[in-house]
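Per our numbering: the sequence shown = residues -6 to 239.
Positions of the beta carbon are idealized from the N, C-alpha and C atoms, including for glycine.
Remember, it's a predicted structure, so these values are computed and weren't measured experimentally.
I have placed the structure first, in the form of structure tokens, so that the comments after it can refer back to it.
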Amino acid sequence: MTELRFLALYPEQMNIYADRGNYIFLKQRCEWRGIGFRQAAAGPGEGFDPAEHDLIYIGGGQDRDQVLVAEDMLKTKRDPINDAVEDGAALLAVCGGYQLLGHSYQLGEQRIEGLGLADLETVREPGPRLIGNVAIEADLGEGPTVIAGFENHGGRTYLGSTAEPLGRVISGHGNNDGDGFEGVRRLNMFGTYLHGPLLPKNAWLADHLIALALARRGGAAPELEPLDDEFEREAHASALAAAERG
Ligand code: GLN
């Protein structure tokens, strides 16, 4: 049986706004299609074999959670994450997890060293937290589509010259409320400020990740069997309408 090999990083420490719901959704969509879902986790102090996991997930975390995991992540997980991504594994990092993909997160005097896997930096600047419903336009190779969700972050993220955003803000704040970019993408790695339930609100994105993960070992991305996505379409429409209302 085809199997998706999923790995959650720090599921206990990095899971705010039910970011964990994203992988319940991935699992469900695999199971509905008869695709196996092998779920593993790596927490503090634990490394992993990059060849054993095709979809890696890092959820959001408050500043204090990030301080706690950042050093451990750099020490025990940076190399396997890098190896997996370079080898075509898919990775989704949300909010606090997204910030940690970059070079650093500057919080006043304190500098949290990031993984340096994406060319970006995050800083705490004076100003309110960036909170609200958000919609972005993204093209992941299948034509322009809209991703809708919710953001809540104090950090402002600035992409370096070699980084590509995940999308452009239609409504909401995005990376820093200034340059109109949201998230980052490199190879099959995606970082975004859009929280759980990101994937239930954007089922096509969940399927995109599933297809990329399955393709890692099998070559071309498989044609996934369509599902009855009536509820998912409604969830997307309602998230989008909320973002448009501002
Ligand atoms: N701690 C980060 C910030 O506030 C991320 C928070 C989050 O994951 N929601 O910028």
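(1) At the level of alpha carbons, what is the spacing between Glu(-4) and Val60?
(2) Between which residues of its own chain and Cys88 is the CB-CB distance below 7 Å, once the five residues before and five after are set aside?
(3) Apart from the five residues on each side of it in sequence, which residues of its chain come closer than 6 Å, Cβ to Cβ, to Pro37?
(4) From Thr115 to Tyr151, what does the alpha carbon distance come to, in whole angstroms?
(5) What are the complete beta strand (DSSP E) segments, minimum 3 residues, inside the segment 71 to 146?
(6) Any idea which residues DSSP pairs Ala234 with across the strands?
(7) Within the continuous beta strand (DSSP E) that includes Met182, where are the two ends?
(8) Report the option in Asn169, Asp80 and Leu123 whose CA atom is closest to the CA atom of Glu45.
(9) Using only CA atoms, which one of Gly184, Ala156, Phe224 and Ile140 lies nearest to Gly244?
(10) Does ligand 1 have even one heavy atom less than 7 Å from the beta-carbon of Gln99?
(11) Cα separation between Arg210 and Lys68?
(12) Could you check the C-alpha separation between Ala240 and Pro73 for me, to the nearest Å?
(13) Would Ile105 be called buried (16 or more neighbouring beta carbons within 10 Å of its own) or exposed?
(14) Give the straight-line distance between the Cα atoms of Ala199 and Pro119, rounded to the nearest whole angstrom.
(15) Using the beta-carbon count (16 or more within 10 Å), is Pro190 buried or exposed?
Answer, in terms of the structure:
(1) 34 Å
(2) Gly53, His146, Tyr186 and His188
(3) Asp65
(4) 6 Å
(5) 83 to 87, 97 to 100, 103 to 106, 113 to 117, 123 to 132 and 137 to 146
(6) DSSP lists no partner for Ala234.
(7) Met182 to Thr185
(8) Asp80
(9) Absent from the structure is residue 244, since the part of the chain shown begins at -6 and ends at 239.
(10) no
(11) 27 Å
(12) A query on residue 240 cannot be resolved here, the shown segment of the chain reaching from -6 to 239 and no further.
(13) buried
(14) 35 Å
(15) buried
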